[in-house]
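*Asks:*
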Amino acid sequence: MSELEQMEEKPTQRAVFEVIRSSEFDPEFAKVVASSGADEIVQCFQCGTCTGSCPMGRVSAIRTRQIIRMAVLGLKKVLATDELWHCTTCGTCYDRCPRDLKVTEAIVVMRMLAVREGHIPPNLARIVGYVYQYGHAVPINEEIRNLRKKLGLSELPPTTHSYPQALESVQKAMKATSIYETVVERGKPDRG
Ligand code: SF4
Ligand code: SF4
16 MSELEQMEEK PTQRAVFEVI RSSEFDPEFA KVVASSGADE IVQCFQCGTC TGSCPMGRVS
76 AIRTRQIIRM AVLGLKKVLA TDELWHCTTC GTCYDRCPRD LKVTEAIVVM RMLAVREGHI
136 PPNLARIVGY VYQYGHAVPI NEEIRNLRKK LGLSELPPTT HSYPQALESV QKAMKATSIY
196 ETVVERGKPD RG
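Take 16 as the starting number for the sequence shown in the working numbering and just add one per residue.
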């Protein structure tokens, strides 16, 4: 069997091409991303250094170069992708981009636009919900309580867990910035 035939036998090794229709281009979307502090991304020459450097690229489907390309082309569907949320905002792509483009900022801007449009990953909504309900992204559980006791610490940390009145301030702040209604109330899972 030739090398080509062997590759055809393995679908995972085949290149995947996606047809992009002209109706999918939204120049306004490209302008909004650019005018939100990431205007230089139009200078991206698609070298791929960001994708090659991205630590999350090794463990997830994120392809940074592709996200930037989609933004520059005005492909708004990038807002509905899970990959947008795989970025940890570590800044490696920004550090290494030969064009010194604000790649991380562009991703953050797109996330804000995604949330505004209701594309909110269920896990994000859940975490924000925890912060609202408990004052912690990871609320204390029985296991942690026991571990704290074993270490000679108070059962509850000196946070909103010990001071419920502080939780009221957290909730007030979240309501004042609309994060509660934007993320928690609208964050009903809209995809898988
Ligand atoms: S490293 Fe910079 S120039 Fe290269 S693809 Fe990424 S954003 Fe574009
Ligand atoms: S900031 Fe995000 S996209 Fe850039 S290298 Fe880090 S994880 Fe990857």
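Built from N, CA and C at the ideal position, the CB exists for glycine as well.
A quick note: this is a predicted structure, and the numbers were derived from the prediction, not measured.
1. Who are the Cβ neighbours of A76 in its own chain at under 6 Å, not counting the five residues just before and after it?
2. List in chain order the residues whose CB is within less than 7 Å of at least one heavy atom of ligand 1.
3. Hey, out of R141, C108, C69, whose CA is closest to I56's CA?
4. Does ligand 2 have a heavy atom nearer than 6 Å to the CB of G106?
5. Hey, would you say the C-beta of T103 is under 6 Å away from at least one heavy atom of ligand 3?
6. Tell me the DSSP bridge mates of F40?
7. Measuring from the CB of M125, is there a heavy atom of ligand 2 at a distance below 6 Å?
8. Can you tell me whether DSSP reads T175 as helix, strand or coil?
9. Using a Cβ distance threshold of 8 Å, determine whether the stretch 143-160 contacts the stretch 171-185, with at least three qualifying pairs required.
10. Is the closest heavy atom of ligand 2 to the C-beta of M71 under 6 Å?
11. Write down the C-beta distance between H134 and L182 rounded to the nearest angstrom, noting that I regard them as a contact closer than 8 Å.
*Replies:* So, from the listed chains and residues:
1. As a working note, residue 76 is residue 61 in the sequence shown. Hits under 6 Å: E98.
2. My final list is I56, C59, F60, Q61, C62, G63, T64, C65, T66, T79, R80, I83, C108, R111, C112, P113, R114, L116, V118.
3. Stepping through the sequence shown from its first residue, residue 56 is reached at position 41. Distance from the Cα of I56 is smallest, within the candidate group R141, C108, C69, for C108.
4. Locating residue 106 in the sequence shown gives position 91, where the first residue counts as 1. Flag set: Cβ of G106 near ligand 2.
5. By its list of ligands, the structure shown excludes ligand 3, since it contains just ligand 1 and ligand 2.
6. In the sequence shown, the residue the question calls residue 40 occupies position 25. Answer is L90.
7. Translated into positions along the sequence shown, residue 125 becomes position 110. M125: no, Cβ never under 6 Å from ligand 2.
8. Here residue 175 is taken as the residue at index 160 of the sequence shown, counted from 1. In the structure shown, the three-state DSSP call for T175 is coil.
9. The stretch 143-160, when compared against the stretch 171-185, does touch it at the 8 Å Cβ threshold.
10. In the sequence shown, counting from the first residue as 1, residue 71 sits at position 56. Yes; taking the cut-off as 6 Å, the Cβ of M71 has a heavy atom of ligand 2 nearer than that.
11. Translated into positions along the sequence shown, residue 134 becomes position 119. Translated into positions along the sequence shown, residue 182 becomes position 167. 29 Å between Cβ atoms; not a contact.
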